[in-house]
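Step one of this worksheet: look at the structure below.
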Amino acid sequence: NLLAVARAGAGVNNIPLTSCAEQGIVVFNTPGANANAVKELVLAGINTALYGAEPDFPKEESGLTGVEILEVKLETATVLEPIEYAEKILVMGDSITQGYDAYHSSLSYVNRLSQTLDTEILNQAIGAEIFDEKILDEELPFDPDLITIAYGTNDWAILESKKQFLDGAQSFFKRIKSIYPDKKIVYISPIWRGDYQKPYGTQDTSVGAFDEAVKALQSLAKENGLFVVDGIPLTPHISDFFADQILHPN
1 NLLAVARAGA
11 GVNNIPLTSC
21 AEQGIVVFNT
31 PGANANAVKE
41 LVLAGINTAL
51 YGAEPDFPKE
61 ESGLTGVEIL
71 EVKLETATVL
81 EPIEYAEKIL
91 VMGDSITQGY
101 DAYHSSLSYV
111 NRLSQTLDTE
121 ILNQAIGAEI
131 FDEKILDEEL
141 PFDPDLITIA
151 YGTNDWAILE
161 SKKQFLDGAQ
171 SFFKRIKSIY
181 PDKKIVYISP
191 IWRGDYQKPY
201 GTQDTSVGAF
211 DEAVKALQSL
221 AKENGLFVVD
231 GIPLTPHISD
241 FFADQILHPN
C-alpha cells in the first residue's frame, strides 16, 4: 500500500532506491524544508563553541534581541561570502569599550554602533587601560574611516597628579593625530560613575574633582582637533543600570 517516500531535507541517501523502484514506489526529497532547523543548529553550535554549553541569549519577554537573523540559506553547494560594510571604525578605550560586564556582548555600545552604522569595527579596547601613547600602532593593518577614543575614567581614579593626568591625554591626542592626520577622530569623554559624589564612594582623587577632570579632557581633545562627545548624558545616572553598580553598563 506504500505509494511514496518523502525525505524531509536534501538528498535521498538513506532511502533504498532500488527496492522502491522495483515496487513502483515514488521517492522524492524536499530541499530547503528543514533550512530553519539547520541554521538554528549551526548557530547553537557556534554559540556553544564560543561561550559554553548553555547559550544565554536575551529572553523574548525582556524586549531585547541579542541575535538577529536576517537570512540564512543552506543549499547543496553552500557558499559563504564575507559581509561588505560601508565603513571601518577603529575603537580604542578601556573595559567599558571592551564590553566588560555587559550581560550580552551583542548589546555593548561598540556592537550596537557597528549594527547601527553598518560598519566593520576593530575593537582595541583593553581593560583598566589609561591614555598611553605607546599602545598606538603606526603599522596597524586596518585603514579606518573613523576612530573613537574613550579613555579617562581610569586615569582619574589611579593617577597621582593632575599634571600626569593631563600630560598623558595630551601626548595621546597628539600622537594619534600624527598617525591619522586626515581621519575623523572622536573622543568620548568618561561616562557617569556610580561611586562619585556618594557618601560611600569616591569624592575626589589626586587628579581632582571628576566633573572638572572630564571638562579638562574635553578641552584638550578640542584643542587637538578631535570631535568631542560628552559621555555624561550617555547613560542613566542610576547605579542599577551598571552591572557592578559603579562603572560598567549592563
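Taking our numbering, the leading residue of the sequence shown gets 1, the next gets one more, and so forth.
Even for Gly, the Cβ is constructed at its ideal location relative to N, Cα and C.
Keep in mind that this is a model prediction, so the values were computed, not measured.
Asked, Found
"May I ask you to report which of helix, strand or coil DSSP gives F255?", "Look at the range of the chain in this structure, 1 to 250, and you will see that residue 255 is not part of it."
"Give, in chain order, every unbroken run of the alpha helix (DSSP H) that is at least 4 residues long and sits entirely within the region 108 to 189.", "109 to 117, 153 to 158, 162 to 179"
"Going along the chain, which residues of its own chain have a beta-carbon closer than 8 Å to the beta-carbon of G127, five neighbours each way excluded?", "D94, S95, Q98, Y100"
"How big is the Cα-Cα spacing for L124 and P16?", "Correcting the residue type first, residue 124 is Gln in the shown sequence and not Leu. Roughly 56 Å separates the two Cα atoms."
"Please classify D244: does DSSP put it in a helix, a strand, or coil?", "coil"
"If you follow the alpha helix (DSSP H) that V214 is in, where does it begin and where does it stop?", "210 to 223"
"Whole angstroms is fine: what's the gap from P249's alpha carbon to N29's?", "50 Å"
"Can you have a look at D155 and say buried or exposed, based on whether 16 or more other CB atoms are within 10 angstroms of its CB?", "buried"
"Leaving aside the five residues before and after V228 along the sequence, list all residues of the same chain whose C-beta is less than 6 Å from its C-beta, in chain order.", "Y187, Q218, A221, K222"
"Specify the secondary structure class of G45 as computed by DSSP and reduced to three states.", "helix"
"Look up T205 in the DSSP assignment and say whether it is helix, strand or coil.", "strand"
"Of all the options A4, V27, D240, which has the alpha carbon lying nearest to the alpha carbon of G11?", "V27"
"Can you tell me whether V91 is buried or exposed? The criterion is at least 16 other CB atoms within 10 Å of its CB, across all chains shown.", "buried"
"On the CB-based measure, 16 or more other CB atoms within 10 Å of its CB, does P144 come out buried or exposed?", "buried"
"Would you decide whether G225 is buried or exposed? Buried here means 16 or more other CB atoms lie within 10 Å of its CB.", "exposed"
"What is the C-beta distance between S189 and D230, in whole angstroms, given that I count them as a contact (C-beta under 8 Å)?", "6 Å"
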